[in-house]
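Novice: Just so we're aligned, residue 114 is where the sequence shown starts under the numbering used here, counting upward by one.
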Amino acid sequence: MSKAITCSPEETIEYAKAVGQRLRGGDVVAFIGGLGAGKTTFTRGLAVGLGLEDDVSSPTFSLVNEYRGKLTLYHFDMYRITSSDELETTGFFDYMNNESVIVVEWSENISDWLPDETIFITLKILDENTRGIEIQGGDRF
Ligand SMILES: Nc1ncnc2c1ncn2[C@@H]1O[C@H](COP(=O)(O)OP(=O)(O)O)[C@@H](O)[C@H]1O
Ligand SMILES: [Mg+2]
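1. I need the straight-line Cα distance from G164 to F205, nearest angstrom please.
2. Does ligand 2 have a heavy atom nearer than 7 Å to the CB of K237?
3. Span of the alpha helix (DSSP H) holding E199?
4. What does DSSP give as the partner residues of Q249 in its beta bridges?
5. Examine the Cβ distances between the stretch 170-189 and the stretch 233-249 and report whether three or more of them are shorter than 8 Å.
6. Where does I223 fall in DSSP's three states?
7. Skipping 5 residues on each side, what residues in its chain have a beta carbon closer than 8 Å to that of I145?
8. If you compare alpha carbons, which of A150, A143, M114, V132 is closest to L239?
9. Does the distance between the C-beta of S220 and the nearest non-hydrogen atom of ligand 2 fall short of 7 Å?
10. Roughly how many angstroms separate the alpha carbons of L159 and S170, rounded to a whole number?
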C-alpha cells in the first residue's frame, strides 16, 4: 500500500506521474472518491507517466476517452453505469488487454465487476487544496 498527501493539483500530477511510470499493460486502475476529489487530475499525471502526449479531459459526456501511445489508456467515467449489461455496452471488457491500461472514475458503481488484481486509488478531500491518496492492490504499490 502507498500513501501520500498532496497540497496542490500540481503535486497530485507529479505523484501520479510516478505511479503512471510503474503501470503495465493489462492494469486496471479504479478510483474511489467523489466529485472534485481529484480523479481526473490524477489521471492527467498517470498519462504523463505513461508517456502519453495528449491532454487528459474528463470523460463525463463521452463515457470513455482513449489516449494512444506505447500503451493505450482508456479513461472511463462510470457515473451513470449501474448494471453489468450497461457496463458490457461501454466496451470495458473488450478494452482489457496487455497493451492497454484502464482507468475508471466512479468505480464504486462497478465494484462487483472489477478484476481481482485491480489497483484501487482512494482520494479524500482533506482541505480545499489538500488531498489524501491511498493506493492498494497490485504488487507494485
Ligand atoms: N491536491 C489536489 N489534488 C488534486 N486536485 C486538487 C488539489 N487541490 C485542489 N484541487 C482541485 O480539485 C479539483 C479536482 O477536480 P477533478 O480532478 O476534476 O476531480 P474529479 O475528477 O474527482 O471530480 C480541481 O479543481 C483541482 O484544481
Ligand atoms: Mg473527473
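For every residue, glycine included, the Cβ atom is placed at its ideal position computed from N, Cα and C.
Specialist: The relevant details are as follows:
1. 22 Å
2. no
3. 197-202
4. F233
5. no
6. helix
7. S220, E221, F233, I234, T235, L236
8. A150
9. no
10. 13 Å
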